[in-house]
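Student:
Protein chains: 2
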Amino acid sequence: MARTQGSHALTTGPKLREAALRLFAQKGYAAVSMRQIAAEVGVQVGALYNYTEDKQSLLFDLLQSHMQDLMAAWQVAQAGLMTPSQRLEAFTRFHIRYHLTRTDAVFISYMELRNLTPENFAKIETLRRAYEAQLQSILTEGQASGDFDLHDSKITALAVIAMLNGVLTWFRSDGRLSLDRVEGIYWDMVRRAVGCAP
Amino acid sequence: MARTQGSHALTTGPKLREAALRLFAQKGYAAVSMRQIAAEVGVQVGALYNYTEDKQSLLFDLLQSHMQDLMAAWQVAQAGLMTPSQRLEAFTRFHIRYHLTRTDAVFISYMELRNLTPENFAKIETLRRAYEAQLQSILTEGQASGDFDLHDSKITALAVIAMLNGVLTWFRSDGRLSLDRVEGIYWDMVRRAVGCAP
DNA sequence: GTCTATAATGGGATAGAC
DNA sequence: GTCTATCCCATTATAGAC
């Protein structure tokens with residue numbers, strides 16, 4: 615028979631983060647109350663404050679973890695790839711695949727930036743820029759080697775990421791197109807947009 | 615000497631809409647109070663309810679007007695254009711230019727959809743899909759005529775719009791690149807992404 | 001049309017018992 | 001570590017005076 619009181623330190627922390635991530639993505643940070651989160655976790659509101667300093671820290675920690683995990687995963691995914699073309703295809707497919715498995719985190723990473731304190735906002739922005747710089751360096755390299763033909767590596771990097779993020783708004787795994795097919799279509803569009811021969 | 619009471623019917627309505635648009639874009643619908651809006655307008659909170667049924671209607675009216683204005687402006691912009699290539703270039707430049715002058719409305723049109731009631735959400739979605747369909751029909755037409763070479767007109771339309779929307783996050787009129795130059799760079803990327811010869 | 005005052009509800013966060 | 005109870009403050013929306 616389930617306890618209704620007592621210690622659940624091993625599960626409450628992760629459950630808090632999961633519930634907050636889901637609710638923030640669904641309803642927005644400002645529209646979600648600590649009471650709602652507590653109800654999802656299955657504790658009373660007071661208990662949450664054993665795991666987070668306040669609501670703001672909760673949002674910040676979720677965004678920071680997401681960006682750090684993203685950077686780490688990309689470092690692994692791109693290891694050993696040599697040519698700009700290989701690396702660009704890898705980035706395209708990685709970005710789509712990785713983000714599609716974490717749509718909630720991606721969503722709040724774009725939508726809830728304005729609900730961060732200025733200090734926290736600056737930290738997340740730094741991480742986000744570092745990720746964008748990864749793509750930009752691929753483009754610059756390909757431009758220098760003559761593999762790519764593009765006007766401006768910074769703008770192109772932002773345009774490519776914006777285009778890839780668009781996938782998240784409509785892709786459904788039970789939809790008309792498989793993930794692999796979608797990756798292929800986007801890779802073809804990216805490839806041509808940067809002037810890279812097939 | 616300024617009146618602090620009395621009728622301001624001719625200015626309060628528009629000022630309410632302007633203030634709400636700006637504040638919703640800055641802080642998010644849920645994070646903005648009717649008191650804050652009233653302070654911006656320069657009236658007490660009770661007076662706002664002469665101009666809007668409630669906060670939800672305020673958001674819905676802003677989004678609906680934005681989408682209706684957008685569609686009307688595009689109808690004008692594309693009138694008389696014949697070839698798929700001309701129409702696609704017109705769409706690209708129109709979308710960038712039009713949205714850059716209304717960043718607040720664009721922002722809330724994407725961010726605050728989840729704060730609409732289901733009924734209101736459905737209405738805005740219908741308008742948004744109609745706009746996307748404009749681009750899709752250009753792509754389908756260009757595909758049929760052989761002017762374009764692309765895999766899927768629906769996905770391509772969504773990808774192009776997502777890419778163009780990316781401009782809004784970084785463009786500054788006093789920045790490194792002029793609006794005309796930016797339009798040109800994006801048109802080149804769009805053109806190549808859809809397999810359209812120069 | 002706008003004001004002031006108020007109703008009714010819910011918010012984040014904390015104290016102290018267990 | 002969690003609970004209950006509570007503080008204090010903000011919220012949307014309305015009523016009635018001017």
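Chains as they are written, first to last, in the working numbering: chain A, 615 to 812; chain B, 615 to 812. We treat Cβ as the ideally placed atom computed from N, Cα and C, and that holds for glycine. Quick caveat, the model's predicted, so the values are computed rather than measured.
1. Excluding the 5 residues preceding and the 5 following residue 746(A) in the sequence, name in chain order all residues of the same chain whose CB lies nearer than 8 Å to its CB.
2. Just checking, does the stretch 756 to 767 of chain B make contact with the stretch 698 to 714 of chain B on the three C-beta pairs under 8 Å criterion?
3. Once the 5 residues before and after residue 635(A) are set aside, which same chain residues still bring their CB inside 8 Å of it?
4. Distance check for residue 734(A) and residue 694(B), CA to CA, integer angstroms please.
5. Counting only runs that start and end within the stretch 687 to 772 of chain A, where is the alpha helix (DSSP H) found for 4 or more residues in a row?
6. Between the stretch 775 to 789 of chain A and chain B, which residues of the former have CB atoms less than 9 Å from a CB of the latter, in chain order?
7. Could you list the residues in the stretch 710 to 742 of chain B with a C-beta less than 8 Å from some C-beta on chain A, going in chain order?
8. According to DSSP, simplified to helix, strand and coil, what is residue 672(B)?
9. Below 8 Å on the Cβ atoms is my guess for residue 665(A) versus residue 626(A); work out the distance and round it to an integer in Å.
10. Taking the alpha carbon of residue 753(B) as the point to measure from, which residue in 640(B), 799(B) and 809(B) has its own alpha carbon closest?
11. May I have the straight-line CA-CA distance separating residue 641(B) from residue 811(A), to the nearest angstrom?
12. If residue 768(A) and residue 750(A) are in contact, beta carbons under 8 Å, what's the gap, nearest whole angstrom?
13. Contact defined as beta carbons within less than 8 Å: I believe residue 688(A) pairs with residue 708(A). What is the distance between those atoms, to the nearest angstrom?
14. Using a C-beta to C-beta distance shorter than 8 Å, which residues of chain A count as neighbours of residue 806(B)?
15. Rank 630(A), 741(A), 764(A) and 796(A) by C-alpha distance to the C-alpha of residue 860(A) and give the top, closest one.
16. Would residue 651(A) count as contacting chain B if we go by Cβ distances under 7 Å?
17. Give the interface partners of residue 772(A) over in chain B, defined as CB-CB distance under 7 Å, in chain order.
18. Can you give the Cα-Cα distance for residue 678(A) and residue 748(A), rounded to whole angstroms?
19. When the Cα atoms are used, what is the spatial distance from residue 648(B) to residue 637(B)?
20. Mind reading off the beta-carbon distance from residue 741(B) to residue 685(B)? Whole number of angstroms is fine, and I expect it under 8 Å.
21. Tell me the DSSP secondary structure of residue 643(B) in three-state form.
22. Using a beta-carbon distance below 7 Å, is residue 752(A) in contact with chain B?
Tutor: Taking the coordinates as given:
1. Cβ neighbours of residue 746(A) within its own chain (closer than 8 Å, five residues either side excluded): 771, 772 and 775.
2. yes
3. 676, 718, 719 and 722
4. 50 Å
5. 698 to 714, 717 to 725 and 732 to 759
6. 775, 776, 777, 778, 779, 780, 781, 783 and 784
7. 725, 728 and 729
8. helix
9. 6 Å
10. 809(B)
11. 44 Å
12. 6 Å
13. With a Cβ gap of about 6 Å, residue 688(A) and residue 708(A) count as contacting.
14. 806, 807 and 809
15. Limits of chain A in this structure are 615 at one end and 812 at the other, which puts residue 860(A) out of reach.
16. no
17. 780 and 784
18. 18 Å
19. 10 Å
20. 7 Å
21. Helix at residue 643(B).
22. no
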